[in-house]
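J.:
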Amino acid sequence: MTNIIQLLPDHVANQIAAGEVVQRPASVVKELLENAIDAGATNIQLLIKDAGKTLIQVADNGKGMSVTDARLSFERHATSKIKLAEDLFQLQTKGFRGEALASIAAIAQVDLKSKTQEEEVGTHIQIKGSEVESQEACVTPTGTVIHVKNLFYNIPARRNFLKSTAVETRHIIDEFQRVALAHSSIAFSMHHNGSEMFQLPISNLRQRIVNIFGSKTNEKLVPVEEETELVNITGFVGKPEFAKRTRGEQFFFVNNRYIKSPYLNHAVTAAFEGLLKDKSYPTYFLFLEVDPKSIDINIHPTKTEIKFDDEHALYAILRSSIKHSLGQFSVAPVLDFNRDSNLDTPYDLETKSAKTPHVEVDRDFNPFQEIKSKSSSGSGFQQRRQAAPPGNWEALYHGLDSKDENNFSKVEFESDAITGQLFETSHLSASSTTFQLQKKYIISPFKNGMILIDQHRAHCRILYEDLLKSITVKAAVSQQLLFPLSLQLNVQETEMLHHLREALEQTGFIFSKMKDAEVEITGIPTLITESEVSILLDQLLSDFENEIPESGFLQTDLLAKSLAKSMAIKAGTQLDTVEQIAIVNGLFACKEPQLTPTNKKIFITLQAEDIEKKFM
């Protein structure tokens with residue numbers, strides 16, 4: 001029998017390993033930035049082209065590498081971070097696997113220049129697909145400059161699976177922000193296709209957060225600080241009123257390493273219990289410092305997963321620390337034991353005894369008498385119904401046989417509690433054809449029964465088709481603002497709006513400025529108010545967070561769906577008869593009146609037979 005098991009060639013093994021370490025251009029950015037930090041750099045520059053598909057360049061002023069180290073760094077499992085297995089539980093560096101550079105060199109063209117301070121000249125190495133093409137001396141400043149070109153050039157299938165430029169750029173920005181937040185003592189800069197996206201000087205943590213997410217972030221932050229034997233917690237949480245509809249600005253760092261932990265995230269959410277609106281998520285930038293021996297980060301190649309020795313204690317400490325900070329800075333409501341002076345007993349009444357209250361009763365009062373003036377008697381009763389002959393019960397029904405139709409509208413109900421449960425419209429004329437139920441549904445009768453319409457979903461459908469026409473056929477009308485509306489967004493959100501700008505302008509938005517972290521709006525669609533713009537754009541960016549479709553139709557469709565959902569009237573909105581009829585008529589003028597843009601049912605019909613069965 002022939003032997004069938006054989007060792008894979010190094011370049012094949014490296015490509016397989018690269019599939020775990022390098023998932024997309026953002027993975028390369030993360031590994032190179034962390035290597036620069038481990039090298040002791042105080043200034044790191046990141047330059048990318050075409051979302052990293054063409055070029056990723058990282059330059060640092062760290063300690064650099066010698067000739068031997070520069071060559072050896074591209075070998076698998078070659079690292080300067082650890083020497084023994086026990087070192088895995090005493091990690092003080094970002095990297096330790098020794099796989100990153102070898103994996104990157106297996107699927108890209110790598111150009112490295114590095115020099116230590118002791119040497120006069122540096123080393124220049126060029127590698128393509130794990131093969132060293134050249135190694136020579138060069139003139140370069142102290143530190144390391146590495147170029148990664150044409151990522152996945154030799155694995156076309158992986159390159160084809162990459163998302164659009166906008167999406168890949170957003171992932172790179174995410175990784176850059178995570179590294180920059182964890183190291184505010186290092187200066188960072190980032191350029192994309194020749195334009196500067198970030199310029200972050202050395203600063204404290206609060207200033208670093210403000211530099212990344214915009215100047216208005218400063219007023220949203222509440223400091224958190226707690227020292228225990230198990231963990232030291234520092235950082236900031238966002239005030240509840242500034243909670244977002246997305247989970248974008250949520251950062252956990254353990255020993256200055258970014259991690260993802262649903263369990264700890266639940267602890268933060270529990271601390272905000274009762275303070276957040278529905279479907280809102282708190283912002284937080286939390287740094288946990290623990291004993292390296294009490295954690296295990298050698299779980300996944302991305303190093304974003306972590307295991308703790310005592311998660312339950314950590315959960316309790318984190319939750320209580322955040323609640324304490326929210327209460328300490330008067331963000332969370334606290335019990336106020338100061339008595340209201342208006343409720344205190346006056347001093348002159350404290351020594352007096354209680355008296356039985358005197359109740360004045362009008363024993364001649366008859367509720368079935370008509371109102372008439374009463375002679376002044378000082379009793380406090382100023383009006384009286386006209387007395388009917390005692391025992392004349394027929395008088396109770398006087399006037400009910402009148403043919404005057406207006407008398408019905410003059411009848412006063414003792415309580416409208418019952419009618420209020422059925423119809424929210426308080427005044428209905430005889431010609432009304434629609435009614436509103438629970439400020440959520442519109443009831444419209446037809447020949448054989450009635451139709452029950454969800455007003456929010458119906459308006460969504462109407463707006464969706466109108467917006468599609470505006471974007472694809474004819475631009476919608478815009479209302480000019482007297483004063484420009486300025487919105488503070490982070491760089492990532494501004495970049496997203498750049499890709500949607502043309503379509504948004506077709507719907508009625510007019511942008512006069514869209515740069516860095518500031519967006520200035522001078523015109524808005526006629527269907528929304530100025531106060532709703534921020535909420536609408538926030539929801540729009542949330543819907544496009546995962547990906548901006550490259551296809552024009554898909555992008556237009558998603559944009560129309562998002563705007564329609566945000567602009568549509570909400571459940572709980574009181575509508576008059578004219579508005580109700582407008583929605584009913586608008587709905588049945590649509591091409592697809594039965595389903596919302598997200599394929600949810602808009603209305604149901606009740607036949608007369610169905611109603612009759614309810615009374616059987």
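Quick note: the sequence shown uses full-length UniProt numbering, first residue 1, plus one each step.
Cβ atoms here follow ideal geometry from the backbone N, Cα and C, with glycine treated the same way.
These numbers come from a predicted model, not from an experiment.
#1: Sort 295, 262, 288 and 239 by Cα distance to residue 274 and report the nearest one.
#2: Do residue 105 and residue 74 come within 7 angstroms of each other at the CB atom, strictly closer than that value?
#3: Using DSSP bridges, identify the partner residues of residue 128.
#4: Identify every run of the alpha helix (DSSP H) within the segment 261 to 307, keeping only runs that are complete inside it and at least 4 residues long; order them along the chain.
#5: Which word fits residue 605, buried or exposed, when buried means at least 16 other C-beta atoms lie within 10 angstroms of its C-beta?
#6: Rounded to the nearest angstrom, what separates residue 222 and residue 189 at their Cα positions?
#7: Which residue wins for smallest C-alpha separation from residue 101, given the options 145, 32 and 56?
#8: Mind pulling the alpha helix (DSSP H) runs of 4 or more residues that sit fully within the segment 15 to 48?
#9: Buried or exposed: residue 329, going by 16 or more other Cβ atoms within 10 Å of its Cβ?
#10: Do you know whose CA, among 252, 603, 311 and 279, lies nearest residue 459's CA?
#11: Roughly how many angstroms lie between the CA atoms of residue 3 and residue 9, to the nearest whole one?
#12: Given this structure, state the Cα-to-Cα distance separating residue 278 from residue 38, to the nearest angstrom.
#13: Output needed for residue 382: all residues of its chain with C-beta closer than 6 angstroms, excluding positions within five of it in sequence on either side, in chain order.
#14: My output table needs one value for residue 363: the three-state DSSP class, helix, strand or coil.
#15: Buried or exposed: which applies to residue 575, given that a residue is buried once 16 or more other Cβ atoms fall within 10 Å of its Cβ?
#16: Please state whether DSSP places residue 514 in a helix, a strand or coil.
#17: When you compare only the Cα positions, how much space is there between residue 289 and residue 63?
#18: May I have a chain-ordered list of the beta strand (DSSP E) segments no shorter than 3 residues that lie completely inside the segment 194 to 254?
#19: Helix, strand or coil: how does DSSP classify residue 437 here?
#20: Which residues does DSSP list as the beta-bridge partners of residue 138?
#21: Contact between the segment 493 to 512 and the segment 472 to 480 is defined here as three or more beta-carbon pairs at a separation below 8 angstroms; is this criterion met?
#22: Is DSSP giving residue 576 helix, strand or coil here?
#23: What's the C-alpha gap between residue 481 and residue 535?
#24: What residue range does the alpha helix (DSSP H) around residue 65 cover?
#25: For residue 183 versus residue 48, is the C-beta spacing smaller than 7 angstroms?
#26: If you compare alpha carbons, which of 129, 526 and 113 is closest to residue 58?
#27: Residues in its own chain within less than 6 angstroms of residue 173 by CB, not counting five upstream and five downstream?
T.: According to the data block:
#1: If you number the sequence shown from 1, residue 274 lands on position 274. It is 239 whose Cα lies nearest to the Cα of residue 274.
#2: Numbered from 1 along the sequence shown, position 74 holds the residue referred to as residue 74. Numbered from 1 along the sequence shown, position 105 holds the residue referred to as residue 105. Their beta carbons are under 7 angstroms apart, which means residue 74 touches residue 105 by this criterion.
#3: For the purposes of this step, residue 128 is identified with residue 128 of the sequence shown, where counting begins at 1. The partner list for residue 128 (beta bridge, DSSP) reads 109 and 131.
#4: 262 to 271
#5: The residue given as residue 605 occupies position 605 in the sequence shown. Result: exposed.
#6: Here residue 222 refers to the residue found at position 222 of the sequence shown. Here residue 189 refers to the residue found at position 189 of the sequence shown. Spanning the two alpha carbons is a distance of roughly 27 angstroms.
#7: To locate residue 101, count along the sequence shown from 1; it is residue 101. For residue 101, the nearest C-alpha among the options comes from 32.
#8: 25 to 38
#9: To locate residue 329, count along the sequence shown from 1; it is residue 329. Exposed, since its Cβ has fewer than 16 Cβ neighbours within 10 Å.
#10: In the sequence shown, counting from the first residue as 1, residue 459 sits at position 459. Here the closest residue by C-alpha is 603.
#11: One-based indexing of the sequence shown puts residue 3 at position 3. One-based indexing of the sequence shown puts residue 9 at position 9. Their backbone Cα atoms lie some 17 angstroms apart in a straight line.
#12: Locating residue 278 in the sequence shown gives position 278, counting from the first residue. Locating residue 38 in the sequence shown gives position 38, counting from the first residue. Straight-line Cα distance between these residues: approximately 42 angstroms.
#13: In the sequence shown, residue 382 corresponds to position 382, counting from 1. Caution applies to residue 382, whose pLDDT of 43 falls short of 50 and renders its modelled position unreliable; the model cannot decide the point.
#14: Reading the sequence shown from its first residue, position 363 is the one you call residue 363. Coil.
#15: In the sequence shown, the residue the question calls residue 575 occupies position 575. Classification for residue 575: buried.
#16: Indexing the sequence shown from 1 puts residue 514 at position 514. Note: residue 514 maps to strand in three-state DSSP.
#17: Here residue 289 refers to the residue found at position 289 of the sequence shown. Here residue 63 refers to the residue found at position 63 of the sequence shown. Using only the alpha carbons, I get a separation of about 26 angstroms.
#18: 195 to 200, 221 to 227, 232 to 238 and 250 to 254
#19: Position 437 of the sequence shown, counted from the start, is the residue given in the question as residue 437. If DSSP states are grouped into helix, strand and coil, residue 437 belongs with the strands.
#20: As a first step, residue 138 must be located in the sequence shown, where it is residue number 138. Residue 138 pairs with 122.
#21: yes
#22: Position 576 of the sequence shown, counted from the start, is the residue given in the question as residue 576. DSSP places residue 576 in coil when its eight states are reduced to three.
#23: One-based indexing of the sequence shown puts residue 481 at position 481. One-based indexing of the sequence shown puts residue 535 at position 535. Rounded to the nearest angstrom, the two C-alpha atoms are 17 angstroms apart.
#24: The residue given as residue 65 occupies position 65 in the sequence shown. Run containing residue 65: none; DSSP gives neither H nor E here.
#25: What you label residue 183 is simply residue 183 of the sequence shown in a count that begins at 1. What you label residue 48 is simply residue 48 of the sequence shown in a count that begins at 1. It is not a contact, given that the beta carbons lie outside the stated cut-off.
#26: As a first step, residue 58 must be located in the sequence shown, where it is residue number 58. The shortest C-alpha separation from residue 58 is found at 113.
#27: Numbered from 1 along the sequence shown, position 173 holds the residue referred to as residue 173. These residues qualify, in order along the chain: 492.
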